[in-house]
Amino acid sequence: MKATIVVKPRAMIKRALVFFFAVAASAATPDVSILKNLQWREVGPYRGGRADAVEGIPNQPDVYYFGSTGGG
């Protein structure tokens, strides 16, 4: 009895695309020099807890609103 091999064109195209993008992604090297000017700072909340929502105002960098699970 002879076995029949079925080649599905869509599956072959998908495999080729996955392989191509995997090779392209591994070849890209990130430029870490853009991170040297970042300054990290703690923005809280300092006591921990669960936060439901945090929103800042773009034109006022010192103003933000915070909502927690127990009010606040």
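Residues in the sequence shown are numbered from 2 upward in steps of one, following our numbering.
Where a beta carbon is used, it is the ideal one built from N, C-alpha and C, also for glycine.
Which of helix, strand or coil does DSSP assign to residue i?
i: residue 31; result: coil
i: residue 14; result: helix
i: residue 19; result: helix
i: residue 24; result: helix
Alpha carbon to alpha carbon, what distance is there between residue j and residue i?
i: residue 64; j: residue 56; result: 9 Å
i: residue 66; j: residue 44; result: 12 Å
i: residue 27; j: residue 19; result: 12 Å
i: residue 17; j: residue 3; result: 28 Å
i: residue 39; j: residue 33; result: 11 Å
i: residue 8; j: residue 21; result: 20 Å
i: residue 11; j: residue 25; result: 21 Å
i: residue 36; j: residue 62; result: 21 Å
For residue i and residue j, which I take to be in contact (beta-carbon distance under 8 Å), what is that distance rounded to the nearest angstrom?
i: residue 53; j: residue 30; result: 39 Å between Cβ atoms; not a contact.
Just tell me which of the options has its CA closest to the CA of residue i.
i: residue 68; options: 51, 6, 59; result: 51
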